[in-house]
Every structure is written in C-alpha cells, then in structure tokens.
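A short worksheet on the structure shown next.
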Amino acid sequence: MERVLGLDLGSRTLGVAVSDPLGMIARTVETFRFEEDDYDAALKRTGDLIKEYSIKRIVLGLPKHMNGDIGIRGEISIQFKASLEEMYGLPVELVDERLTTVAAQKMLISADVSRKKRKKVVDQVAAVQILQGYLDRH
C-alpha cells in the first residue's frame, strides 16, 4: 500500500492528515496557517509534507453546496488540485467534503474540547474525516 495525504483547504488554513504506511488509518498532522488566499504557501507546505511522509497520493476535499453545485471555494480546490499535480506529479483525488467540518465540530464538542482548542484543530479533524472516508472506500 502507499501513504496518502489528506487535505482540507480553506482560505487561510490547510488541514492535514496522513495515512499509516498500510493505507488503513488516517491521523492528524497539522493545521497549516497562511495569509488569506496565499495558496502558493499552502502548495509549498504540501511539497514539504510529500517529502517528509513519502506520499504517493493526495486526497483533497472538494467543498460543494448542499445541492451539489460547485461554488467559488470548490473552484479554488479544483485549481489547487491542478497545481499539486503539475508541481509534484502525484495523483490527486477530489473527495466531496460536505459536512466534514460540521461532523468534526460535533466530534470535538462531544469529546469536550474547548472552543479555543476546537478552532485550532477542526481543520485537521476534517482532513482526517476526508482521508478516512477515502481509505475506507478503497
């Protein structure tokens, strides 16, 4: 199997998760913070993580509206995918991420994580949910 990187891209944060070497279990790595809309910084950080974890595949959350339409955030993720593939030559799969952040918030609340701490880790937890869903399907 291969190590897979899971990403949850926001306008100022990149939630990051990575699979175990067998590609079965996702775990949190970090929430990378960058200047608003500075996706070049997010691309560079992703490159560092690809090297650090010997990544062979990337799963990127694709935000959609509840009716399935792709809005501006979705278009940004599609462009980010194209940039990742061009820069690093790895396959990048877009995965519907509707409700992952909501589910991550609920999970953190039920684990009694403080609001301040939730804000710091919610993107990582959403990335884990995106990646774990992908791993479970494959």
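Those letters in the sequence shown? Residues 184 to 321, by the numbering used here. Where is the CB? At the ideal position from N, CA and C, for every residue including glycine. It should be emphasised that the depicted structure is a prediction, and the values quoted were computed from it without experimental measurement.
Alpha-carbon to alpha-carbon, residue j and residue i
i: glutamine 235; j: glycine 257; result: Looking at the sequence shown, residue 235 is not glutamine but glutamate. Cα to Cα, the separation comes out at about 27 Å.
i: methionine 207; j: tyrosine 317; result: 10 Å
i: glutamate 219; j: valine 278; result: 23 Å
i: methionine 249; j: threonine 283; result: 12 Å
i: alanine 224; j: leucine 188; result: 17 Å
i: aspartate 252; j: proline 246; result: 9 Å
i: phenylalanine 217; j: isoleucine 261; result: 19 Å
i: lysine 302; j: glutamate 269; result: 32 Å
i: aspartate 306; j: arginine 195; result: 11 Å
i: aspartate 221; j: lysine 264; result: 15 Å
Short Cβ contact (8 Å threshold) for residue i with residue j
i: leucine 192; j: glycine 244; result: yes
i: leucine 232; j: valine 199; result: yes
i: leucine 205; j: alanine 310; result: no
i: threonine 214; j: valine 296; result: no
i: threonine 229; j: leucine 267; result: yes
i: valine 242; j: glutamate 276; result: yes
i: leucine 273; j: arginine 240; result: yes
i: serine 237; j: arginine 298; result: no
i: alanine 209; j: glutamine 288; result: no
Counted within 10 angstroms of its Cβ, other Cβ atoms place residue i as buried (16 or more) or exposed
i: lysine 300; result: exposed
i: glutamate 280; result: buried
i: serine 202; result: buried
Paired residues, beta bridge with residue i - DSSP
i: threonine 214; result: Gly198
message = Please give me, in chain order, every unbroken run of the beta strand (DSSP E) with length at least 3 that falls completely inside the segment 239 to 302.
response = 240 to 245, 275 to 279
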